[in-house]
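Peer 1: For the sequence shown, my numbering assigns the number 2 to the initial residue and increments by one for each residue that follows. No residue lacks a Cβ here, since even glycine has one placed at the ideal position from N, Cα and C. Keep in mind the model is a prediction, meaning the values are calculated, not measured. Dropping the structure in here first, questions after.
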Amino acid sequence: MLKTVSKSKPLTGEITIPADKSVSHRAVMLASLAKGKCIISNFSSGADCWSTLNIFKQLGVQINETDKKTIEIYSDGTLKKSNTPLDAGNSGTTTRLLSGILAGQNFDSEIIGDESLSKRPMKRILIPLTQMGAKIDSVDNHLPLTIYGQKLHGIVYPMPIASAQVKSCILLAGLNAEGQTTVIEPAQSRNHTELMLKYLGANILTYNNEITIYPSELEAKDIKIVGDISSAAFFIVAGLIVPDSDFVIKNVGINPTRTGILDIVKRMGAGAGVNVFNKRIVSGEECADIRVQYTDNLKGCVIEGADIPRLIDELPVIAVLASQAEGETVVKNAEDLRNKESDRIKCLVAELRKIGVDIEETPDGFIITGKTKLSPTTDIPLESYHDHRLAMSFYIAGLICEKEIAINGFEWTKISFPEFEALVSELNG
Ligand code: S3P
Numbered sequence: 002m003l004k005t006v007s008k009s010k011p012l013t014g015e016i017t018i019p020a021d022k023s024v025s026h027r028a029v030m031l032a033s034l035a036k037g038k039c040i041i042s043n044f045s046s047g048a049d050c051w052s053t054l055n056i057f058k059q060l061g062v063q064i065n066e067t068d069k070k071t072i073e074i075y076s077d078g079t080l081k082k083s084n085t086p087l088d089a090g091n092s093g094t095t096t097r098l099l100s101g102i103l104a105g106q107n108f109d110s111e112i113i114g115d116e117s118l119s120k121r122p123m124k125r126i127l128i129p130l131t132q133m134g135a136k137i138d139s140v141d142n143h144l145p146l147t148i149y150g151q152k153l154h155g156i157v158y159p160m161p162i163a164s165a166q167v168k169s170c171i172l173l174a175g176l177n178a179e180g181q182t183t184v185i186e187p188a189q190s191r192n193h194t195e196l197m198l199k200y201l202g203a204n205i206l207t208y209n210n211e212i213t214i215y216p217s218e219l220e221a222k223d224i225k226i227v228g229d230i231s232s233a234a235f236f237i238v239a240g241l242i243v244p245d246s247d248f249v250i251k252n253v254g255i256n257p258t259r260t261g262i263l264d265i266v267k268r269m270g271a272g273a274g275v276n277v278f279n280k281r282i283v284s285g286e287e288c289a290d291i292r293v294q295y296t297d298n299l300k301g302c303v304i305e306g307a308d309i310p311r312l313i314d315e316l317p318v319i320a321v322l323a324s325q326a327e328g329e330t331v332v333k334n335a336e337d338l339r340n341k342e343s344d345r346i347k348c349l350v351a352e353l354r355k356i357g358v359d360i361e362e363t364p365d366g367f368i369i370t371g372k373t374k375l376s377p378t379t380d381i382p383l384e385s386y387h388d389h390r391l392a393m394s395f396y397i398a399g400l401i402c403e404k405e406i407a408i409n410g411f412e413w414t415k416i417s418f419p420e421f422e423a424l425v426s427e428l429n430g
């Protein structure tokens with residue numbers, strides 16, 4: 002689907018950001034493993050989270066949707082074999098976390114996915130799971146995965162890359178393995194799995210970047226899902242770059258392992274344009290409201306090392322922000338961006354150049370030199386490469402382009418944020 006976007010007037014008013022995708026996945030998975038009834042409220046409407054939900058129905062868990070945002074899960078804490086393959090659609094999080102859960106069951110399973118997911122690397126989970134005693138067939142370390150349920154045993158696993166999906170996969174396998182399982186992260190990645198496991202009563206300990214889990218039974222407990230800071234990031238950037246904008250984003254999860262975007266805004270000298278207030282805790286997760294105001298004094302900065310896992314999904318829209326900052330913004334150590342829904346380094350560089358961004362590809366990131374007035378340099382639409390975050394980042398860039406731009410494949414936004422365009426319209430009044 003081709004979407005056109007034109008220059009925006011100031012964005013004003015108030016929006017409520019929909020549910021966090023990472024937390025929604027984990028809520029369905031952990032509620033399915035817990036004994037009893039759990040009501041999940043404010044569940045994500047993103048297609049990825051519905052892939053997870055449908056898979057757990059297939060695994061014999063009783064799941065009722067009271068409405069699209071309220072999900073009731075009744076489980077005896079066990080899963081049952083599915084006679085048909087489990088379709089993870091486009092979702093890497095579903096595939097990797099689910100593999101950890103299924104590896105230790107007393108039945109076999111098969112996980113399949115769409116074309117894009119089938120190209121994404123699974124070796125990163127196959128190595129630790131195999132060390133735990135798992136038996137999994139893959140197609141050259143890619144989907145489909147055939148998982149032959151086995152008795153697993155705990156391991157100590159120093160992770161070669163900071164990845165919440167890999168960490169969570171191992172911890173979920175550890176929940177049902179003999180002995181203790183420890184993962185050591187090179188830098189801290191999002192810790193929603195650890196927080197939710199603790200919230201539901203698992204025996205799990207965190208010490209710096211080392212997490213240890215013991216076999217545990219989970220107790221069902223209601224879970225309210227906070228808003229997604231990765232979705233809010235599009236609006237944070239829009240508010241900072243669309244002249245005279247001033248609005249409030251309500252209900253944003255501000256778990257410190259996810260707030261890299263807020264630190265970068267400060268580093269770029271625009272801290273005064275982003276005010277976090279009304280902080281509270283919701284089902285074990287920090288949450289707040291955020292006021293965003295336009296600022297015209299952004300400066301380039303370096304984004305590297307431990308920053309990266311705390312803003313990995315926000316880098317495409319941070320690139321748009323950097324195009325409006327004076328001087329160089331250098332993103333380093335982000336090579337894993339090449340393994341997302343698209344090669345986000347290569348694709349960002351190719352497409353942002355079409356609207357005049359001065360961006361250079363490096364092996365592990367990119368360098369942007371600003372500040373640039375954005376305007377289409379070609380009639381060829383920007384391509385989203387079936388990647389929801391690229392599509393939405395280009396849309397935000399379109400809000401400040403001198404002339405209308407067109408984005409191909411905009412329908413992929415449904416993967417994480419079907420409400421995106423309606424919320425932009427709300428702020429456009
Ligand atoms: C996620 C972890 C990150 C992130 C993805 C969601 C999660 O992936 O990019 O969108 O929910 O655990 P990696 O673990 O591959 O970094």
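(1) Keeping to the same chain, check which residues put their C-beta closer than 7 Å to that of Asp-115; ignore five residues upstream and five downstream.
(2) Which full runs of the alpha helix (DSSP H) of 4+ residues lie inside the region 244 to 302, going along the chain?
(3) Measure the C-alpha to C-alpha separation of Leu-54 and Lys-81 and round it to an integer number of angstroms.
(4) Quick check: does the Cβ of Ser-164 come within less than 7 Å of any heavy atom belonging to ligand 1?
(5) Could you check the C-alpha separation between Glu-384 and Gly-202 for me, to the nearest Å?
(6) Cutting at 6 Å between CB atoms, please list the residues of its own chain near Phe-236, excluding the five before and the five after it.
(7) What do you get for Pro-366, buried or exposed, if any count of 16 or more other CB atoms within 10 angstroms of its CB means buried?
(8) Taking just the CA atoms, how far does Ile-416 sit from Ala-48?
(9) May I have the straight-line CA-CA distance separating Thr-13 from Lys-38, to the nearest angstrom?
(10) Count the other CB atoms, across all protein chains shown, that sit within 10 Å of the CB of Glu-195; report buried if there are 16 or more and exposed otherwise.
(11) Does the distance from the CB of Leu-299 to the CB of Ala-326 come in under 8 Å?
(12) Per the DSSP calculation, Gln-63 is bridged to which residue(s)?
(13) Measuring alpha carbon to alpha carbon, tell me which residue in Gln-181, Met-160, Thr-79, Ala-351 is nearest Ala-188.
(14) Quick check: what's the CA-CA separation for Leu-219 versus Leu-98?
(15) For the beta strand (DSSP E) that contains Val-6, what are its first and last residues?
(16) Can you tell me whether DSSP reads Asp-478 as helix, strand or coil?
(17) Does the structure place the region 374 to 390 close enough to the region 409 to 426 that three or more beta carbon pairs sit under 8 Å?
(18) Identify whether Ala-165 lies in helix, strand or coil by the three-state DSSP scheme.
(19) Look at the alpha carbon of Ile-148 and the alpha carbon of Val-275, and state the distance between them as a whole number of angstroms.
Peer 2: Taking the structure as given:
(1) Gly-90, Asn-91
(2) List check, alpha helix (DSSP H) in window: 261 to 268.
(3) 15 Å
(4) yes
(5) Rounded to the nearest angstrom, the two C-alpha atoms are 45 Å apart.
(6) Ile-250
(7) Going by the sequence as given, residue 366 is Gly instead of Pro. Buried, because 16 or more other Cβ atoms sit within 10 Å of the Cβ of Gly-366.
(8) For Ala-48 and Ile-416, the distance between alpha carbons rounds to 5 Å.
(9) 41 Å
(10) Glu-195 should be labelled buried.
(11) yes
(12) Tyr-75
(13) Met-160
(14) 17 Å
(15) 3 to 6
(16) Past the boundaries of the shown model lies residue 478; the chain is included only from 2 to 430, so the question cannot be answered.
(17) Yes, since at least three Cβ pairs between the region 409 to 426 and the region 374 to 390 fall closer than 8 Å, the two stretches touch.
(18) Per DSSP, reduced to three states, the secondary structure at Ala-165 is helical.
(19) The alpha-carbon atoms of Ile-148 and Val-275 are separated by roughly 46 Å.
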